[in-house]
Structure formats: C-alpha cells, structure tokens
Amino acid sequence: MKIIKHLLMLGMVLLLPACAREIMPPISEYTLSPVLQMPAPANKPLPMSIKLSPVVASQIFSTTDLYYGENDFSRNHYAYSRWEDTPVNMLQLALQDGLERSGLFQAVLPSSSMAEADALLETTLFDFSQHLQPDGGSVAVVRMRFYLVHEQGRLLASKELESRVATRTTDAKGTVGAINTAVANIVQDLILWLPQVLDRQ
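Count the sequence shown with the numbering used here and you get residues 663 to 863, in order.
In structure tokens, the structure reads:
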C-alpha cells in the first residue's frame with residue numbers, strides 16, 4: 663500500500679508542471695512607438711547642438727513591468743503583460759527621435775556620445791502608468807520634468823509636462839495605446855517649448 667501511495671503522489675507531482683503550463687496564459691510584450699504629429703521641420707536649425715542625459719526615474723520604471731494603480735499611493739503590475747524594454751530606455755529613444763525629426767538643432771546627441779554639445783537636456787520621469795477611475799474607466803498618465811542646461815552648467819529653464827489620456831479599454835492593451843498617445847503629446851509639447859526658451863537667451 664505504501665508503494666502504491668508513493669507512486670500516486672509522484673504521479674501528481676509530475677503532473678503539476680504540465681497543468682501549470684496549460685493554464686498560464688502567454689505573456690504579451692508591448693513597445694513604445696508614439697505617432698508624432700510633427701510640425702514642418704525648421705527651415706534653419708538653431709546654430710547649436712543638444713545632448714540628452716539619461717532619463718532619471720524611480721526603480722519601477724527601470725523594469726519592464728506595466729503598472730496600474732487604483733489611487734495615488736498604490737501601484738501594481740500586470741502579471742502577463744510587459745514592455746519589451748524599460749520605460750526609461752524607450753523614452754530616451756522617443757525623445758531623441760522626436761528632437762531629430764523636428765529639425766530644431768544642428769545635431770541631437772545621445773547620452774552615450776563622447777562629443778560635447780552646446781546644451782544639455784535632463785529629464786526626470788515621475789509617472790508612466792494607468793490610473794483606474796472610480797467610474798470604472800481609466801487614464802494613462804505620463805508626467806515628466808525637463809531641465810535645459812547651458813554647456814557651462816547654467817540652468818536655462820525647466821518645465822514639467824503631463825499628459826493624461828483616457829484608455830479605450832481598461833486592460834493592458836488599452837493602457838499601452840493611451841501611453842503611446844500621452845508620450846507623443848509630451849514630445850510635441852517639448853518641441854514647442856524649447857525654441858521659446860532658446861529665443862530668450
């Protein structure tokens with residue numbers, strides 16, 4: 663009897679991984695590819711180059727987790743949905759692509775460049791998540807602060823930009839679409855703000 667009992671227990675243990683594989687849904691990966699409604703490129707770029715510092719953020723935005731929260735103090739992440747790269751890395755590329763396409767500067771240097779630039783753009787990311795609403799809907803919120811720094815280290819200006827976009831659905835897919843739109847809004851607002859600052863210098 664003991665042998666039979668042990669064999670039954672062993673069989674159950676061996677079946678557990680197979681059952682787990684069957685009931686676990688596949689993990690969906692999403693990317694950040696904001697569609698920018700760009701103004702016409704500047705006919706004459708500003709006679710300067712700009713360099714992008716690495717985006718600064720809390721640890722949760724340095725992972726591939728896709729976050730949502732029911733209030734300002736809670737954050738959870740989707741179990742079977744994630745970003746294909748970290749938000750800080752994807753935002754870095756989105757900012758560089760937007761500034762390059764704007765034609766505002768003679769050159770837009772990535773943070774990894776060894777070359778010196780006339781100005782430095784520092785970025786802090788405060789929010790990049792879905793906020794569930796009491797009415798059952800949700801909004802994607804992206805909030806960032808930008809610091810434009812002169813090559814000699816003098817702060818020229820800073821500005822906080824935030825975009826809140828309602829999600830079409832309250833799941834991960836709806837959140838990703840709304841976050842892409844929110845990022846596009848911020849990049850476009852940044853492109854409008856930078857010339858205003860530099861024209862005053």
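For each residue, glycine too, the CB sits at the ideal point set by N, CA and C.
Item: My output table needs one value for Met-752: the three-state DSSP class, helix, strand or coil.; Value: helix
Item: What is the DSSP secondary structure of Arg-763, reduced to helix, strand or coil?; Value: helix
Item: Quick check on Gly-731: does DSSP put it in helix, strand or coil?; Value: strand
Item: Below 8 Å on the Cβ atoms is my guess for Val-750 versus Val-717; work out the distance and round it to an integer in Å.; Value: 4 Å
Item: Thinking just about the alpha-carbon of each residue, which of Ser-820, Asp-833, Ser-774 and Phe-788 is nearest to the one in Gly-799?; Value: Asp-833
Item: Taking one C-beta from the segment 803–818 and one from the segment 785–794 each time, how about it: are there three or more such pairs within less than 8 Å?; Value: yes
Item: Could you check what DSSP says for Ser-724 in three-state terms: helix, strand or coil?; Value: helix
Item: From this set, Gly-836, Lys-713, Pro-796 and Gly-815, which residue's C-alpha is nearest Glu-762's C-alpha?; Value: Lys-713
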